[in-house]
Amino acid sequence: MLALWYSFQLIQHFDRDEYEHILQISDVVENDYGTYMCRVSNGVGKAEMIIRLTRTGPPQVPTALQKIASTPKTLFIGWVPAFDGGFEQTFIVEYRSLNPFNEGFGKEGVSTVEVKNTSRMEQIKDDGTVTWLLSYNLTGLAPLSSYYFRIRSKNKKGFSDFSQLIVATTNDVNEDPNMLAPAALRFDSMRKSVTIEPRAPPDDCTLLYVSSGDSWRSAGCFAPDQEIVDVPGGVLLRARFCSREHALRCSKLSAVL
45 MLALWYSFQL
55 IQHFDRDEYE
65 HILQISDVVE
75 NDYGTYMCRV
85 SNGVGKAEMI
95 IRLTRTGPPQ
105 VPTALQKIAS
115 TPKTLFIGWV
125 PAFDGGFEQT
135 FIVEYRSLNP
145 FNEGFGKEGV
155 STVEVKNTSR
165 MEQIKDDGTV
175 TWLLSYNLTG
185 LAPLSSYYFR
195 IRSKNKKGFS
205 DFSQLIVATT
215 NDVNEDPNML
225 APAALRFDSM
235 RKSVTIEPRA
245 PPDDCTLLYV
255 SSGDSWRSAG
265 CFAPDQEIVD
275 VPGGVLLRAR
285 FCSREHALRC
295 SKLSAVL
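In terms of my numbering, the sequence shown has 124 at position 80, counting the first letter as 1, and numbering is strictly consecutive.
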């Protein structure tokens, strides 16, 4: 016989022809923690689900961190929240740019965002199963740039571990065929510098692209009076001019150097 602090409630959802069965445990004690099984069956088949009741504590690691969409300046990411430890949880996203020359960490340090306001979205997989994700838009990023990022959760009891590192890339800029474009790039192997001909107009910057493999990434947008130095040999280069006032409005690409 179940103790008085265990109670069941059966709810029928007529609009969906579904039933919901609720087990409520009042005044939880040590012996209540553990594993519970919910088993249902009818004339067609049966199903089981394991539910674990645990003590309150730090939250568990979010899972399924992924890139959902991107623009030249943003990455829209999503993840599946894990057990919150019994308290309200928030999420902390760490991200860092990838060095386009060697694919290691970039010169910039780690950026951290504490995510309190998330959106909830439905993701339907190829097999028809549905997953609910929390999502967030990382902004202020560079075009056609790759970023390492990871996530962990936080509640009043502490932090979860970090998720695995994920790499995602922003989109390229918008091309305006009417803008002046670079005609040629020259590489000085002694100085490890790049010069652009013609020089970018005063109101533009030179967006440099680098490839050391199968993909291209941007290496920064350089002002007309700024030297492009510390460029290693053995990489492919190309460039375009971009408006400094409208950063995503850019010229056609130069030929590959």
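Quick reminder that beta carbons are idealized off the backbone N, C-alpha and C, glycines included.
What you are looking at is a predicted structure, and each value in this text was computed from that prediction instead of being measured.
Query raised in the report: So is A186 buried or exposed if we call it buried at 16+ other beta carbons inside 10 Å?
Result: buried
Query - Other residues of its chain near F120: CB distance less than 6 Å, five sequence neighbours each side excluded - result: I112, A113 and N181
Requested in this report: List in chain order: all unbroken beta strand (DSSP E) runs of 3+ residues lying wholly within the stretch 65-134.
Outcome: 78-85, 90-97, 107-114 and 119-124
Query - Reference G148, options R261, L178 and S295, closest by Cα - result: R261
Query raised in the report: So the beta strand (DSSP E) D232 belongs to, where does it begin and stop?
Result: Where D232 is concerned, the enclosing beta strand (DSSP E) stretches over A228 to D232.
Query raised in the report: Is the Cβ-Cβ distance between F285 and A228 less than 8 Å?
Result: no
Query raised in the report: What separation, rounded to the nearest whole angstrom, lies between the Cα atoms of S190 and K201?
Result: 34 Å
Requested in this report: State the start and end residues of the unbroken beta strand (DSSP E) segment that holds V254.
Outcome: D248 to S255
Query - Endpoints, the beta strand (DSSP E) within which R261 is located - result: R261 to F266
**Report entry** Nearest to V124 (by Cα), restricted to the options P276, L297 and T175
**Finding:** T175
Report task. Have a look at the DSSP bridge pairing and note the partners of S179. Result -> G122 and S163
Requested in this report: Look at G78 and T100 and say whether their C-beta atoms are less than 8 Å apart.
Outcome: It is not a contact, given that the beta carbons lie outside the stated cut-off.
Report task. Indicate the three-state DSSP secondary structure (helix, strand or coil) for R140 in the structure shown. Result -> strand
**Report entry** Residue burial classification, Y253 (beta-carbon count within 10 angstroms, cutoff 16)
**Finding:** buried
**Report entry** Spatial neighbours of E138 in its chain, beta-carbon cut-off 6 Å, leaving aside the 5 residues before and after
**Finding:** V154, T156 and R194
Query - Reference P102, options R196, I240, P116 and P221, closest by Cα - result: R196
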